[in-house]
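Just so it is clear: in the sequence shown, position 16 is 39 by the working numbering, and no numbers are missing. Virtual Cβ for every residue (Gly too), placed ideally from N, Cα, C. Below is one structure; the comments refer to it alone.
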Amino acid sequence: MIKRVVFEDRWLPYLLIGPQLLIIFLFFYWPTGQALFWSFTLEPPFGGDAVWVGLRNLTEIVTSPVYHIAIRNTLIMSVATTVISLGLGLIFAVFADRGLRGMIFYKTAIMWPYAVAAPVAAIAWQFIFQPQIGIFGIVNQWYPGLWNPALNGAHALTMVIIASSWTSITFNFVFFLAGLQAIPNNLVEAAAMDGAGPMRRFFDLVFPLISPTFFLLLVLNVTTSFTEGFGIINVMTQGGPGNATQTMVYKIYQDGFIGLDLSSSSAQSLLLMILIIAVTLLQFRFVERKVHYAGSDKGEASE
24 MIKRVVFEDR
34 WLPYLLIGPQ
44 LLIIFLFFYW
54 PTGQALFWSF
64 TLEPPFGGDA
74 VWVGLRNLTE
84 IVTSPVYHIA
94 IRNTLIMSVA
104 TTVISLGLGL
114 IFAVFADRGL
124 RGMIFYKTAI
134 MWPYAVAAPV
144 AAIAWQFIFQ
154 PQIGIFGIVN
164 QWYPGLWNPA
174 LNGAHALTMV
184 IIASSWTSIT
194 FNFVFFLAGL
204 QAIPNNLVEA
214 AAMDGAGPMR
224 RFFDLVFPLI
234 SPTFFLLLVL
244 NVTTSFTEGF
254 GIINVMTQGG
264 PGNATQTMVY
274 KIYQDGFIGL
284 DLSSSSAQSL
294 LLMILIIAVT
304 LLQFRFVERK
314 VHYAGSDKGE
324 ASE
């Protein structure tokens, strides 16, 4: 029988959770409500009465060619960084799980980037991709102008994607490694004795067992990819050249904090939130059904 904790003072539970609720309200619900209200008004940047404009802010945004570029870049970055960080994180975890000599150093070296802040990682990768003195400087000596992210939008977007992916690989690596180490060795050994090769064992046995971990990381990576690239972009490209690396979250920053267009940036925040929620719901609707939850009927029903 489960015993329930009963407080003698009826107000004590509210007093204990009060500070946390206050922080959530002040730093989440209140700003969210303000942004939602500003999305439908024309808000003066230096104070004054707001003017109700209805859907005009949203209409101007969705019809703006610059915003269309930001949406395209956001989707490209989201897909590319998710595929690269998940793929390399899984590959590194598979090798780290093999128990070879030097694995402790190998695991530690892969985990180090997780402690690097985004601006620091952006500076490091910007130096690496510098077309004169970086690694690509040697390439440009052989083929002048082959690499120049300061002028070529595709090069700049590629540079940002690589830097953003590098900062996420370690996070995925830790979760994948934990999932792989939770798989009993006797299952893998039994499959090997039955004649299954390494690739067959991985795709038919190992990957289905870590599919809940993969789905969790997929949702987290896709969700965070819409916002976490801000630090990388702000240091490396500032949205350029020619809006080639302009994303939805960075445009919110430019319009709201630099351009002081509070109404437009609030409306863009609303659209970004709707996009994130829609993408997350689609993943739970169409991807989760492929996930096998061991020991539950949910995975069997999904199949």
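Inter-residue spacing [alpha-carbon to alpha-carbon] between T328 and K130:
The first residue shown for the chain is 24 and the last is 326, placing residue 328 beyond what the model contains.
inquiry  = Here's the rule I'm using: 16 or more other beta-carbon atoms within 10 Å means buried, otherwise exposed. How should I114 be labelled?
reply    = In the sequence shown, residue 114 corresponds to position 91, counting from 1. Exposed, by the Cβ-count rule.
| Short check: CB of P235 to CB of Y316, under 8 Å? | In the sequence shown, counting from the first residue as 1, residue 235 sits at position 212. In the sequence shown, counting from the first residue as 1, residue 316 sits at position 293. Going by beta carbons, P235 and Y316 fall inside the 8 Å limit.
Assigned secondary structure, V139 (DSSP; H/G/I helix, E/B strand, else coil): Looking up residue 139 in the sequence shown gives position 116. Coil, per DSSP.
Skipping 5 residues on each side, what residues in its chain have a beta carbon closer than 7 Å to that of L111? Along the sequence shown, read from residue 1 onward, the residue named residue 111 stands at position 88. Excluding five sequence positions before and after L111, the CB atoms of its chain that fall closer than 7 Å to its own CB belong to I192, given in chain order.
Review point. What are the uninterrupted segments assigned as alpha helix (DSSP H) that are 4 or more residues long and contained completely in the segment 200–276, given in chain order?
Key: Runs of the alpha helix (DSSP H) inside the segment 200–276: 208–216, 221–224, 234–248, 253–259 and 271–276.
- Task: With N163 as the anchor, note down where its alpha helix (DSSP H) starts and where it stops.
- Result: Taking the sequence shown and counting its residues from 1, one reaches residue 163 at position 140. Its alpha helix (DSSP H) spans residues I158 to W165.
Exercise for the section: Measure the beta-carbon distance from L241 to Q306 and round it to whole angstroms, keeping in mind my assumption that it falls under 8 Å. Expected result: Within the sequence shown, the letter at position 218 stands for residue 241. Within the sequence shown, the letter at position 283 stands for residue 306. About 7 Å separates the Cβ atoms of L241 and Q306, confirming a contact at the 8 Å cut-off.
Checklist line | Residues near T250 in its chain [Cβ-Cβ closer than 7 Å; skip 5 each side] | finding: As a position in the sequence shown, residue 250 is number 227, starting the count at 1. The answer, listed in chain order, is V272.
Report task. Tell me whether K274 is buried or exposed, calling it buried when 16 or more other Cβ atoms sit within 10 Å of its Cβ. Result -> Mapped onto the sequence shown, residue 274 falls at position 251. K274 comes out buried.
* What is the C-beta distance between W170 and P154, in whole angstroms, given that I count them as a contact (C-beta under 8 Å)? -> Numbered from 1 along the sequence shown, position 147 holds the residue referred to as residue 170. Numbered from 1 along the sequence shown, position 131 holds the residue referred to as residue 154. The beta carbons of W170 and P154 sit about 5 Å from each other, so the pair counts as a contact at 8 Å.
When the Cα atoms are used, what is the spatial distance from M100 to I184?
One-based indexing of the sequence shown puts residue 100 at position 77. One-based indexing of the sequence shown puts residue 184 at position 161. One C-alpha to the other measures close to 6 Å.
Report task. Compare the Cα-Cα distances from L327 to each of P67, F230 and S289 and report the closest residue. Result -> The requested residue 327 is not part of the displayed model; the chain covers only 24 to 326.
So, helix, strand or coil for W75, using DSSP?
Numbered from its first residue, the sequence shown carries residue 75 at position 52. Of the three classes helix, strand and coil, the one that applies to W75 here is strand, per DSSP.
Review point. Can you tell me the Cα-Cα spacing of N257 and R223, whole angstroms?
Key: The residue labelled residue 257 in the question sits at position 234 within the sequence shown. The residue labelled residue 223 in the question sits at position 200 within the sequence shown. Their backbone Cα atoms lie some 44 Å apart in a straight line.
Are three or more beta carbon pairs between the segment 274–283 and the segment 45–54 nearer than 8 Å? No contact exists between the segment 274–283 and the segment 45–54.
>> Check whether the segment 280–299 and the segment 67–86 are in contact - that is, three or more C-beta pairs closer than 8 Å.
In response: Result yes; three or more Cβ-Cβ pairs closer than 8 Å.
- Task: Would you kindly work out how many angstroms separate the C-alpha atoms of N96 and M134, rounded to a whole number?
- Result: Along the sequence shown, read from residue 1 onward, the residue named residue 96 stands at position 73. Along the sequence shown, read from residue 1 onward, the residue named residue 134 stands at position 111. Spanning the two alpha carbons is a distance of roughly 28 Å.
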